[in-house]
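Those protein sequence lines, which keep their order, are chains F and W.
The first sequence begins at 1202 in this note's numbering and counts up one residue at a time.
The second sequence begins at 1202 in this note's numbering and counts up one residue at a time.
Some notes on the structure that comes next.
Number of protein chains: 2
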Amino acid sequence: MRDLTPLMRPASVAVLGASERPESLGNRVMKNLVATGYRGRIFPVHPTALEVEGLRCFSGLRGLPEVPDCVAVALSADKVIDALEEAAACGVRAAVVFASGFAETGEAGAGLQARLAVLCERTGLLVCGPNCLGLSNVQGGVALYSAPLPQPPLAGGVAVASHSGSACVALSSTGRLGLSHVVSVGNATVLDVDDYLDFFAADPGTRVAAMFMESVRHPARFAAAAQRMRAAGKPVVVLKVGRSSAGAAASAAHTGSLAGSHAAAVDFFRRAGVVLVDDMDTLIETCALMAQATKRPAGDGVAVINISGGEVALTCDLGQEAGLSFAPLGSATLARLRECLPSYATPGNPLDATGTSIGNPDMYAQAMRILLDDPGVAMLAVSQDCPPGLSPLAAHNYGRLARAAAELSRDAQKPIVFYSNVAGGFHPTTVAPLAGTDVAALQGGRAALAAIRHFVEWHSHTPAAAAAPAPFDADPVWRRRLASGQPLSEYEAKRFLGDHGIRVTREARAGDALQAAHEAAAIGFPVAMKIDSPDIVHKTEAGGVHLGLATEAAVRAAFEAMTATVRQRAPGVRIDGVLIQEMVTGGVEMIAGLSHQAPFGHAVVVGSGGVFVELVRDSSLMLVPVDAASARTLVDRTRAAKLLDGFRGAPPADRAAFEALVARLSAIGELYGDCIEAVDLNPVAVLPSGACVLDAWIGLRNPSRVQQTPGAHP
Amino acid sequence: MRDLTPLMRPASVAVLGASERPESLGNRVMKNLVATGYRGRIFPVHPTALEVEGLRCFSGLRGLPEVPDCVAVALSADKVIDALEEAAACGVRAAVVFASGFAETGEAGAGLQARLAVLCERTGLLVCGPNCLGLSNVQGGVALYSAPLPQPPLAGGVAVASHSGSACVALSSTGRLGLSHVVSVGNATVLDVDDYLDFFAADPGTRVAAMFMESVRHPARFAAAAQRMRAAGKPVVVLKVGRSSAGAAASAAHTGSLAGSHAAAVDFFRRAGVVLVDDMDTLIETCALMAQATKRPAGDGVAVINISGGEVALTCDLGQEAGLSFAPLGSATLARLRECLPSYATPGNPLDATGTSIGNPDMYAQAMRILLDDPGVAMLAVSQDCPPGLSPLAAHNYGRLARAAAELSRDAQKPIVFYSNVAGGFHPTTVAPLAGTDVAALQGGRAALAAIRHFVEWHSHTPAAAAAPAPFDADPVWRRRLASGQPLSEYEAKRFLGDHGIRVTREARAGDALQAAHEAAAIGFPVAMKIDSPDIVHKTEAGGVHLGLATEAAVRAAFEAMTATVRQRAPGVRIDGVLIQEMVTGGVEMIAGLSHQAPFGHAVVVGSGGVFVELVRDSSLMLVPVDAASARTLVDRTRAAKLLDGFRGAPPADRAAFEALVARLSAIGELYGDCIEAVDLNPVAVLPSGACVLDAWIGLRNPSRVQQTPGAHP
């Protein structure tokens, strides 16, 4: 862990390129630094200027009265390396580099960025950027920041770190999130979001981190930092962009970093105990709630109160879509509500307390109290629209409901939140009673309900138990074989799997028709026959699959026909012979796979097999390691779980065997991941007893190039 | 069509129950009426008061100097009927009834509401309400409204009609939507949303209707009104709540009306050319765009410009989720953009014009112009965050980009819209240049992109061609049979289908084992055998299905075994014999169904058959009538369409035959819908040539009750 103090709380700062020229980078940085009321020492540095922003200017770093903790480098890209060399030589420990012109601009810039990385590695210099807006310690009053800053800043517990400068500006200008720090991470050559997260974890003024991320460059470091945040009781809320294929491409074009597949990112953040959101509004509402709430929900049951039946119906719709659990109310609660509310009210959750509440806030308060008293209710959401254009009287009336919520919260043990189904701001009169309380005011029905779900889930998170160790060790003979990069045939792939405890079809390889018939008789009829070639993946298309052969004569004929067809359709491929396989029938067809998901490492994927795979895309992914217990969760997330459990009266399949297989696949990823790019087991027959791989393909990480032939792997 | 002028634009109004008592209903209504500057004549009516709100008060309706067009009934529920009787007798033509205490409160209230309906039916009185906030003609300055109204009102082209009073308040208080009318529809005993929609269609001041709906009570009237809105070039944007099961229940509890199934509602609104949205924010943003934009997009290709790569990635993600089409840019466009933008920019759509734009709005304007010039671009979205807490300088800088968009729009042929990825309000400086232009400012990335998609789609809507007429007439013999309400056995159901041109399995009914064997031989082995009973729907569970019987002996044995098992498992059910059916193998298994979807009438549903049905819920619904052409669209919406078209090298199935079958099913719904509640064809084998129904069940609308037995239909 790096100590970011010299960067985030410097005792003194030199601004290289400080300038009086309006709108120049050096002037904007100086202005921000002065305007924040920075109490440390500021040393403007400029070759000729005598004074900048009223402060004495120095002609060079070496002439300063002391070595500053940090330099703000307001210079163009071509001057950055020299400036940082000199700073490091002087003993400066941190720097902010604003300039663009690095990896985001192409090859030359990437070269410059590589030099910057080497310099920092050698000198230990902590660098924020390049290609960033810099950073602002809002609570501490230090801005090394090139964009305009809200004045006065809204200080509070939310720390912002963003790969995107534009998002950084937006998140620091909501007028609603009180901020501890704002960091525009930029190209993150040296310091990335994980480093800032580490700092936030230890920072007493930070309660929650709001992050806009284009990529996860250092998964292990990020996970460790997220873990430290959680240990400190501070939620990390991440908006990760690039989940669509187009978004990933856009992001990659921007940062020069490849966005990982989104399913892998989702699993990564879930494991890290991070709240993952998918738009700016949900990011803002979630952070607003996390920062302001002080009580923990003891469970996931949420109660919602509103004054309108129509809005209650809307809450049902949006809540269900957000995955919220509405606590079912106990009969005592319902009875008390019936007594409290008008006779025509229909007590339930969400609760329509009726429009009568507007004129009767005491009744409303009592209804809230009754909901909070229900043991199944972990949290109360007070749902009341309060758009900014309300008439003063309506705003006042609604404000009485908000006040009732605030008063109730003073003594309540359970968290209370207020939200409006309409975004676009609050009428100030309505939400005024909530200021300074632990009742956050949220806006936008969809974003607010998502925020509430994230809040409840964050508090109910139980860290995953450490995965059980891999059930076998790596085999040095197989490791050498895999490391060779020579493609494996199906026969060889299955031997590899069999040697690692995964059941595969009984099979034999035959070099001629007679041998084929002989092997078939030994295995028992009927058999399947498949061409055995390391060069052919789509055997069916190449004419290399015959099924259900019931006699020796049929096997002999199939051998001749198959080899002839394949030779014709895919001339030049290597043919190692023909596989004679037992026909496994029945069971539930599943797929299981292993694939490399940069930057997160390998992941296992399970899903429905057969026609489901491509048609329904019923699959679920987890990053390695996945032990049998986790595999159970993984399978539960697929629709196929129902099939395995015995759908519509069918006998249950041996789920445990399939899950053990998945755990072994994960162990293969762990132990041979440096050699193996991907494994496809498709299909796996999950039988009433056991699970058997019917077809397997293993792709190696550095396969020697084979000639592209029809049916060959693309 | 009713003429709502006396209600919406009354020349004179009497307020029954006008009062000086602060906060009383009669006072609130009077205050609003006076405050709006109503230019018509106002007659407060109160038994004893001499003056209310400075106006001379009358002791009764009969004492007025003239018959008012409309009465605002500020009386409690028990006094409403008498007051309306008198008003109608005096010649009053319209009324607003605010009081609750009608159908929403239970049985007694429902009785009162029924009396109100009868009264209006008899007298022709137009009534808004009861249980409503009333209405406000914002442009005309007439408020017959009980809740506080924003002052001054924001007049404009958006007409609001809402079943929910609370939503009505929210929609009329956004501070962003300029309003023509606001109508709180309430219980809609007489006038419902469709009546107001008719009025809005003819109202010159209305450009778009924003509707919050809990139910569709009069589908045909609503569709006709929506059609008139479209003919007038005015979009209808509907937020229909109750799409979740819980939401539907909540809404029903509130209004006493059953919310229809959401899939049927979706199809209904789609056919009506109505924009259906699913939250308040999307409703607001869509209406804001529809009301302000003046140009039509010529196509669905949208171009988006932003100054940030990270936000462009976010736009890709949210745009894809919103179903937006990003126009692919032509090579000439890309070349021009490369010339215009900094060398390190990566031209594309969405376009990252880079942060350089902030200091160079001319370059940004040029990039926008280039995007608009691309023939594939139908519309330009300028994506720029501008949250209310921006620093003045940032707001000014961003405002220059907004100004460039506004200036460009003056001469552009294509629509331009501005949006912020952040909801929560705009910084006024940034959006000021857009005021009075046709460039709408939207907020919240998700809602704004959905609004843009709705805008583009609304303009590209082509009304569905009238469905081809039913391919047959109703058969009077079958009609009598169905009207009897006696359940149909599978055998009878299939005869019905066969008589209407739908291919079913060849089959015969056998009363004993010998006859069964005889029929099987005639059909050809192998055969399937099924118990034939009108009382048993789940034949498999009752032991009533044997498949693949290949010999006469097997058929005889199966007959005895089956009848014995069924008698034991489901004692007392009627057994009409055993069906001997041809075994149809191969093809793609589909389902097709017909069901009554109140209040919309019958709908056909198609989907994947077999295990898919319940596991994947891959189905798609359309309201009757569905001809073969529409059936094609219906099938296209299922994943199974791929299977039918020949998935992974399989031969294509006879989709046309299946679609013709669906059209015949729809015709059955049209012609026998008064007798038939539902039809399940499950499965239908769609063969390489033809489509054959393997199993069929027809549920009648008034079936005589049969004893509940195991396996009987629930």
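Ideal Cβ positions, reconstructed from N, Cα and C, are used throughout, including at glycine.
If you follow the alpha helix (DSSP H) that residue i is part of, which residue opens it and which one closes it?
i: A1554 of chain F; result: First-last for A1554 of chain F: undefined, no H or E at that position.
i: G1808 of chain F; result: Element bounds for G1808 of chain F: not the alpha helix (DSSP H) but the beta strand (DSSP E), 1802 to 1809.
i: A1771 of chain W; result: No alpha helix (DSSP H) contains A1771 of chain W, which DSSP labels as neither H nor E.
i: A1868 of chain W; result: 1856 to 1873
i: K1695 of chain F; result: 1691 to 1700
i: R1833 of chain W; result: 1829 to 1837
Would you please state the rounded distance, in angstroms, between the beta carbons of residue i and residue j? I believe it to be under 8 angstroms.
i: P1436 of chain W; j: T1390 of chain W; result: 28 angstroms between Cβ atoms; not a contact.
i: T1306 of chain F; j: Y1565 of chain W; result: The pair is not a contact, with the Cβ atoms about 19 angstroms apart (cut-off 8 angstroms).
i: L1380 of chain W; j: V1409 of chain W; result: Wrong, their Cβ atoms sit about 11 angstroms apart, outside the cutoff.
i: G1745 of chain W; j: V1767 of chain W; result: 5 angstroms
i: A1709 of chain W; j: V1756 of chain W; result: That belief does not hold up - the Cβ atoms of A1709 of chain W and V1756 of chain W are roughly 12 angstroms apart, past 8 angstroms.
i: V1805 of chain W; j: M1784 of chain W; result: That belief does not hold up - the Cβ atoms of V1805 of chain W and M1784 of chain W are roughly 27 angstroms apart, past 8 angstroms.
Does residue i pass the burial test, meaning 16 or more other C-beta atoms within 10 Å, or should it be called exposed?
i: T1706 of chain F; result: buried
i: Q1340 of chain W; result: buried
i: Q1908 of chain F; result: Confidence in Q1908 of chain F is poor, its pLDDT being 36 and thus under 50, which makes the residue's placement too unreliable to answer from.
i: S1532 of chain W; result: exposed
i: V1442 of chain F; result: buried
i: W1898 of chain W; result: buried
i: N1903 of chain F; result: exposed
i: S1458 of chain F; result: Because S1458 of chain F carries a pLDDT of 41, less than 50, the predicted location of this residue cannot be relied on, and the following value inherits that uncertainty. The residue in question, S1458 of chain F, is buried, as its Cβ has 16 or more Cβ neighbours within 10 Å.
i: H1803 of chain W; result: buried
i: A1607 of chain F; result: buried
i: R1222 of chain F; result: exposed
i: P1664 of chain F; result: exposed
i: F1673 of chain W; result: exposed
i: T1407 of chain W; result: buried
i: M1202 of chain W; result: exposed
i: Q1567 of chain W; result: buried
i: P1634 of chain W; result: buried
Which residues does DSSP list as the beta-bridge partners of residue i?
i: F1527 of chain F; result: F:V1503
i: G1900 of chain W; result: W:A1879
i: G1794 of chain W; result: W:V1806, W:D1881
i: Q1521 of chain F; result: Answer by DSSP bridge pairing: none, since Q1521 of chain F is not bridged.
i: S1213 of chain W; result: W:R1242
i: N1338 of chain W; result: W:V1343, W:H1382
i: E1708 of chain F; result: F:Q1782
i: Y1565 of chain F; result: Answer is none; Y1565 of chain F lacks a bridge partner.
Please report the residue range of the beta strand (DSSP E) in which residue i lies.
i: E1783 of chain W; result: 1778 to 1783
i: P1498 of chain F; result: Neither: P1498 of chain F is in no beta strand (DSSP E) and is coded neither H nor E.
i: S1584 of chain F; result: 1580 to 1584
i: A1411 of chain F; result: 1409 to 1414
i: S1363 of chain F; result: 1356 to 1363
At a Cβ threshold of 8 angstroms, is residue i touching chain B?
i: F1413 of chain W; result: In the displayed structure, chain B is absent; the protein chains listed are F and W.
Compile a chain-ordered list of the residues in the stretch 1368 to 1382 of chain F whose CB is closer than 7 angstroms to at least one CB of chain W.
-> A1368, V1370, A1371, S1374, T1375, G1376, R1377: these are the residues of the stretch 1368 to 1382 of chain F whose beta carbon lies less than 7 angstroms from some beta carbon of chain W, given in chain order.
For the stretch 1243 to 1254 of chain F, which residues have a beta carbon sitting closer than 8 angstroms to at least one beta carbon of chain W?
-> For the stretch 1243 to 1254 of chain F, the beta-carbon criterion of a distance under 8 angstroms to any beta-carbon of chain W is satisfied by none of its residues.
What residues from the stretch 1619 to 1634 of chain W come within 7 angstroms of chain F, judged by C-beta to C-beta, listed N to C?
-> Cβ contacts with chain F come from N1622, V1623, A1624, G1625, G1626.
May I ask you to list, following chain order, the residues of the stretch 1489 to 1501 of chain F that have a beta carbon less than 8 angstroms from some beta carbon of chain W?
-> When C-beta distances to chain W are compared with 8 angstroms, every residue of the stretch 1489 to 1501 of chain F stays at or above that value.
Interfacial residues, the stretch 1289 to 1319 of chain W to chain F, with Cβ spacing under 9 angstroms = For the stretch 1289 to 1319 of chain W, which is checked against every Cβ of chain F, the residues closer than 9 angstroms are S1301, G1302, E1305, T1306, G1307, G1310.
Mind checking the stretch 1501 to 1534 of chain F against chain W and listing, in chain order, the residues whose C-beta falls within less than 9 angstroms of any C-beta there?
-> When CB distances to chain W are screened at a threshold of 9 angstroms, the residues of the stretch 1501 to 1534 of chain F falling below it are N1507, I1508, S1509, G1510, G1511, E1512, V1513, A1514, L1515, T1516, C1517, D1518, L1519, G1520, Q1521, E1522, F1527, in chain order.
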